[in-house]
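Participant: One structure, as structure tokens, below. Some questions next.
Protein chains in written order, with our numbering: chain A, 155 to 383; chain B, 2 to 213; chain C, 81 to 330.
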């Protein structure tokens with residue numbers, strides 16, 4: 155086989171696969187956010203009240219807030235390694251369209267850290283006595299919401315990756331920006347519990363995702379250029 | 002190829018260099034000299050487009066680098082202090098990604114480049130199992146793969162043994178003979194069979210101090 | 081006009097131009113604030129329902145609006161800094177953050193006072209209160225990010241990016257809290273600004289305090305920006321001349 159051009163799509167695929175491989179090779183980055191998700195959720199019945207009446211009232215909020223925090227904690231693995239070993243510089247210096255490479259990276263990251271949270275959420279919803287009709291809106295909401303949270307978190311991570319000690323600062327920057335997703339996500343579950351249609355809210359979450367997909371990579375790119383400077 | 006005019010950069014209230022002007026033509030090797038903290042790394046990072054805190058003009062093939070952004074990035078290869086090698090991945094996987102963002106795929110060339118660096122048979126070993134010198138060689142294997150015209154190398158001889166140093170010197174000279182250009186910093190006395198032009202940041206700083 | 085704007089972009093011209101109209105701005109701001117406060121707190125009639133409690137609107141409403149508009153101003157400055165690399169724009173943005181967060185904090189505090197008197201609790205999760213709390217958090221985030229960097233240029237660029245992300249987010253936050261509020265409780269009729277029902281003697285002082293507090297925004301932002309200019313340009317000849325001049329006068 156000799157040298158052949160792979161084009162933009164081929165190089166995007168390479169970035170995407172590389173992200174998957176890196177997370178796959180360091181399973182802690184993938185498993186720890188999930189473990190955090192499960193453990194933090196199970197603290198609420200212990201610290202509050204284990205009666206189903208109380209739990210089902212707070213279930214949606216608890217699952218969403220914990221998922222939000224788990225996403226924030228997982229962001230560290232998105233740019234930290236690449237920043238420290240210099241791969242980020244290579245990406246910024248490559249003739250490739252940065253916008254799409256950042257999307258590919260975040261997509262790969264979400265697939266292995268965000269999607270598992272979505273898949274695990276029904277189990278936690280069951281432990282928190284959430285009525286069954288709320289499972290679908292919970293999962294659909296998380297499915298639409300976690301990629302947005304990932305993109306917002308990536309902006310925060312890109313801004314703080316050069317600072318070294320970024321954990322708490324990242325939370326201070328990113329959590330306020332994540333509130334709309336949280337509000338619509340939990341709202342979807344509560345609307346379903348009240349027996350009302352929740353498709354409108356799903357559309358809103360989808361709109362937020364579309365907005366984040368189109369604007370966040372610009373902010374991430376600008377932030378990364380500042381961070382490697 | 003790359004030319005610079007009235008380049009000025011200061012950091013932490015200290016002028017690193019000012020009024021810097023030079024032109025790197027095809028087939029030339031340039032060395033930036035200066036003691037620690039004289040701004041060698043900053044100059045290289047400014048020239049490859051990673052550092053934007055400068056004033057003055059940088060031109061690629063006669064046009065500003067902002068207008069030539071894509072050609073410029075495709076034409077320059079930068080090797081910094083960090084190796085740009087992910088330790089969880091194998092050399093093969095690392096280099097495949099490097100080739101892909103440079104726009105091509107070529108496993109034969111990757112294997113050949115690794116063999117050239119004395120890493121035959123290490124292609125599938127995760128990089129955290131390799132020594133620091135071997136990781137450096139994985140990073141240097143990118144030189145043979147990169148289609149760039151200009152290499153900007155920051156301390157490329159770090160962590161290399163005597164054979165590695167000699168091989169890299171040959172590679173740099175060969176690049177110049179083939180019509181490419183190299184701009185590098187090093188504290189190692191270069192032994193190349195081609196002319197080396199020099200930018201001395203210390204001497205410039207002394208001159209400035211005198212004139213001021 | 082353009083030349084005037086262009087000149088404002090130079091730290092020295094900004095400093096010199098603001099020097100000329102600063103006394104006027106100071107005078108007008110103090111005049112408006114004093115008239116508004118004396119009239120509003122001392123002479124405006126008591127409200128037939130809320131008694132003297134309503135008087136807090138004389139500062140609360142302008143402060144809240146001010147906190148919001150300062151953010152918009154900060155975002156415009158951040159955009160100018162990002163696009164044209166105007167250093168003064170960043171210095172203004174940095175000053176805006178401090179003024180904005182102060183306005184936001186005082187607005188939240190006066191809001192809590194009002195809440196205690198009228199609703200019986202310091203805090204309710206009302207849409208307006210919630211969105212101002214989030215605005216406060218975003219201000220804090222921008223300031224925290226700026227102070228985390230060692231290098232001034234990186235700090236200013238990073239803060240600009242976050243400010244712009246924040247301005248995209250703010251309308252969504254507001255919409256989300258309004259929607260969320262209707263989900264959890266019927267929309268409250270407890271509006272702070274029911275001027276329609278009140279006689280003009282009650283609401284005219286609001287104009288004075290309102291414009292006074294807007295004047296105060298500009299006054300504080302300009303003063304802080306001037307300090308910032310002197311600090312960042314401290315090695316420039318004109319600043320050193322200025323300092324010598326001031327010292328010899330004193």
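Backbone N, C-alpha and C define an ideal beta-carbon position, used for all residues, glycine too.
(1) Can you list the residues of chain C that residue 326 of chain A reaches, using a CB-CB cut of under 9 Å?
(2) Could you tell me the distance, in whole angstroms, from the CA atom of residue 280 of chain A to the CA atom of residue 292 of chain A?
(3) Below 8 Å CB to CB, which residues in the same chain sit around residue 107 of chain B once its five sequence neighbours on both sides are set aside?
(4) Please confirm whether residue 9 of chain B has its beta-carbon closer than 8 Å to some beta-carbon of chain A.
(5) For a quick check, are the C-beta atoms of residue 176 of chain C and residue 216 of chain C less than 8 Å apart?
(6) Near residue 125 of chain C, what residues of its chain come up, given a Cβ to Cβ distance below 8 Å and the 5 sequence neighbours on each side ignored?
(7) Mind pulling the chain B residues with CB within less than 9 Å of residue 315 of chain C?
(8) Taking only beta-carbon positions, decide if residue 105 of chain B is within less than 8 Å of chain A.
(9) Could you tell me which chain A residues have their CB closer than 9 Å to the CB of residue 51 of chain B, listed as they occur along the chain?
(10) Just list the residues that DSSP pairs residue 30 of chain B with in beta bridges.
(11) Taking the alpha-carbon of residue 67 of chain B as reference, which of B:48, B:119, B:211 has the nearest alpha-carbon?
(12) Which term fits residue 352 of chain A, buried or exposed, when burial requires 16 or more other beta carbons within 10 angstroms of its beta carbon?
(13) Which residues mark the beginning and the end of the beta strand (DSSP E) in which residue 22 of chain B is found?
(14) For residue 58 of chain B, which residues does DSSP report across the bridge?
(15) With DSSP as the reference, label residue 329 of chain A as helix, strand or coil.
(16) Alpha carbon to alpha carbon, how far is residue 65 of chain B from residue 184 of chain B?
(17) Would residue 260 of chain A count as contacting chain B if we go by Cβ distances under 8 Å?
(18) Could you please give me the residues that DSSP links to residue 106 of chain B through a beta bridge?
(19) By Cβ distance, which residues of its chain are closer than 8 Å to residue 112 of chain C, with the 5 residues on each side in sequence left out?
(20) Name, please, each residue of chain A whose Cβ falls closer than 7 Å to the Cβ of residue 245 of chain C.
(21) Since residue 154 of chain B is in the beta strand (DSSP E), which residue starts that stretch and which ends it?
(22) Can you give the Cα-Cα distance for residue 187 of chain A and residue 228 of chain A, rounded to whole angstroms?
(23) So which residues of chain A does residue 242 of chain C contact, with C-beta pairs closer than 7 Å?
(24) Does any residue of chain A bring its CB to less than 8 Å from the CB of residue 268 of chain C?
(25) Here's the rule I'm using: 16 or more other beta-carbon atoms within 10 Å means buried, otherwise exposed. How should residue 255 of chain A be labelled?
(26) Which whole-angstrom value describes the C-beta separation of residue 250 of chain C and residue 222 of chain C, a residue pair presumed to lie in contact below a C-beta threshold of 8 Å?
(27) Quick one: which unbroken alpha helix (DSSP H) runs of 4-plus residues sit fully inside the segment 243-289 of chain A? Chain order, please.
(28) Check this for me: beta carbons of residue 182 of chain B and residue 70 of chain B, under 8 Å apart or not?
(29) Return helix, strand or coil for residue 229 of chain C, following the three-state DSSP convention.
(30) Closer than 7 Å by beta-carbon distance: list the chain C residues that pair up with residue 344 of chain A, in chain order.
(31) Taking CB distances under 8 Å as the criterion, tell me whether residue 233 of chain C reaches chain B.
(32) Rounded to whole angstroms, what's the CA-CA distance from residue 161 of chain A to residue 105 of chain B? Just pull it up for me.
(33) Are residue 3 of chain B and residue 10 of chain B closer than 8 Å when you measure CB to CB?
(34) Which of the three DSSP states, helix, strand or coil, is assigned to residue 117 of chain B?
(35) In the segment 210-232 of chain A, which residues sit with their C-beta less than 7 Å from some C-beta in chain C, listed in chain order?
(36) Which residues mark the beginning and the end of the beta strand (DSSP E) in which residue 78 of chain B is found?
Facilitator: Answer, in terms of the structure:
(1) Within the first chain, the letter at position 172 stands for residue 326 of chain A. 217, 220, 221, 224, 225, listed in chain order.
(2) As a working mapping, residue 280 of chain A is identified with position 126 in the first chain. As a working mapping, residue 292 of chain A is identified with position 138 in the first chain. Near 12 Å, if we compare the C-alpha coordinates of residue 292 of chain A and residue 280 of chain A.
(3) As a working mapping, residue 107 of chain B is identified with position 106 in the second chain. Excluding sequence neighbours, residue 107 of chain B sits near 100, 146.
(4) Position 8 of the second chain, counted from the first residue, corresponds to residue 9 of chain B. Using a Cβ-Cβ cut-off of 8 Å, residue 9 of chain B does not count as an interface residue toward chain A, since no Cβ of chain A sits closer than that to its own.
(5) Taking the third chain and counting its residues from 1, the one referred to as residue 176 of chain C is at position 96. Taking the third chain and counting its residues from 1, the one referred to as residue 216 of chain C is at position 136. Against a cut-off of 8 Å, the Cβ pair of residue 216 of chain C and residue 176 of chain C comes out as no contact.
(6) As a position in the third chain, residue 125 of chain C is number 45, starting the count at 1. Excluding its 5 nearest sequence neighbours in each direction, residue 125 of chain C has C-beta neighbours in its own chain below 8 Å: 279, 281, 282, listed in chain order.
(7) Counting from 1 along the third chain, the entry for residue 315 of chain C is found at position 235. Ordered by position in chain B, the residues that pass the 9 Å Cβ test against residue 315 of chain C are 14.
(8) Here residue 105 of chain B is taken as the residue at index 104 of the second chain, counted from 1. Chain A, which has a Cβ nearer than 8 Å to the Cβ of residue 105 of chain B, makes this yes.
(9) Here residue 51 of chain B corresponds to residue number 50 of the second chain, with the count starting at 1. Ordered by position in chain A, the residues that pass the 9 Å Cβ test against residue 51 of chain B are 243, 246, 247, 379, 382, 383.
(10) On the second chain, residue 30 of chain B is found 29 positions in, with the first residue counted as 1. The partner list for residue 30 of chain B (beta bridge, DSSP) reads B:183, B:197.
(11) Position 66 of the second chain holds residue 67 of chain B. Sorting B:48, B:119, B:211 by C-alpha distance to the C-alpha of residue 67 of chain B places B:48 at the top.
(12) For the purposes of this step, residue 352 of chain A is taken as residue 198 along the first chain, with counting starting at 1. The residue in question, residue 352 of chain A, is buried, as its Cβ has 16 or more Cβ neighbours within 10 Å.
(13) Your numbering for residue 22 of chain B matches position 21 in the second chain. Residue 22 of chain B -> beta strand (DSSP E) spans 15-25.
(14) Translated into positions along the second chain, residue 58 of chain B becomes position 57. Note: residue 58 of chain B sits in a beta bridge opposite B:6.
(15) The count along the first chain starts at 1 and reaches residue 329 of chain A at position 175. Residue 329 of chain A: helix per DSSP, three-state reduction.
(16) For the purposes of this step, residue 65 of chain B is identified with residue 64 of the second chain, where counting begins at 1. For the purposes of this step, residue 184 of chain B is identified with residue 183 of the second chain, where counting begins at 1. Roughly 19 Å separates the two Cα atoms.
(17) Along the first chain, read from residue 1 onward, the residue named residue 260 of chain A stands at position 106. Not an interface residue.
(18) Within the second chain, the letter at position 105 stands for residue 106 of chain B. Answer is A:158.
(19) Taking the first residue of the third chain as 1, we reach residue 112 of chain C at position 32. These residues qualify, in order along the chain: 288, 289, 291, 292, 295.
(20) Taking the first residue of the third chain as position 1, residue 245 of chain C is located at position 165. Simply 309, 331, 373.
(21) Looking up residue 154 of chain B in the second chain gives position 153. Looking at the DSSP string, the run of the beta strand (DSSP E) that includes residue 154 of chain B is 151-155.
(22) Within the first chain, the letter at position 33 stands for residue 187 of chain A. Within the first chain, the letter at position 74 stands for residue 228 of chain A. Roughly 6 Å separates the two Cα atoms.
(23) Mapped onto the third chain, residue 242 of chain C falls at position 162. Within 7 Å of the CB of residue 242 of chain C, the CB atoms of chain A belong to 313, 327, in sequence order along the chain.
(24) For the purposes of this step, residue 268 of chain C is taken as residue 188 along the third chain, with counting starting at 1. Confidence at residue 268 of chain C is low in this model, with a pLDDT of 48, below 50, so the placement of that residue should be treated as unreliable; the coordinate-derived value is given next. No, residue 268 of chain C lies away from the interface with chain A (no Cβ there is under 8 Å from its Cβ).
(25) Reading the first chain from its first residue, position 101 is the one you call residue 255 of chain A. The residue is buried, with at least 16 neighbouring Cβ atoms inside 10 Å.
(26) One-based indexing of the third chain puts residue 250 of chain C at position 170. One-based indexing of the third chain puts residue 222 of chain C at position 142. About 12 Å separates the two Cβ atoms, so there is no contact after all.
(27) 252-263, 269-281
(28) Your numbering for residue 182 of chain B matches position 181 in the second chain. Your numbering for residue 70 of chain B matches position 69 in the second chain. Result no, Cβ atoms of residue 182 of chain B and residue 70 of chain B do not sit closer than 8 Å.
(29) The sequence position of residue 229 of chain C within the third chain is 149, counting from 1. Coil at residue 229 of chain C, not helix or strand.
(30) Stepping through the first chain from its first residue, residue 344 of chain A is reached at position 190. The answer, in chain order, is 263.
(31) For the purposes of this step, residue 233 of chain C is identified with residue 153 of the third chain, where counting begins at 1. For residue 233 of chain C, the answer is yes, since a Cβ of chain B falls inside 8 Å of its Cβ.
(32) Here residue 161 of chain A is taken as the residue at index 7 of the first chain, counted from 1. Here residue 105 of chain B is taken as the residue at index 104 of the second chain, counted from 1. Distance between the alpha carbons of residue 161 of chain A and residue 105 of chain B is about 7 Å.
(33) Locating residue 3 of chain B in the second chain gives position 2, where the first residue counts as 1. Locating residue 10 of chain B in the second chain gives position 9, where the first residue counts as 1. Not closer than 8 Å, so no.
(34) As a position in the second chain, residue 117 of chain B is number 116, starting the count at 1. Helix.
(35) none
(36) One-based indexing of the second chain puts residue 78 of chain B at position 77. Residues 77-80.
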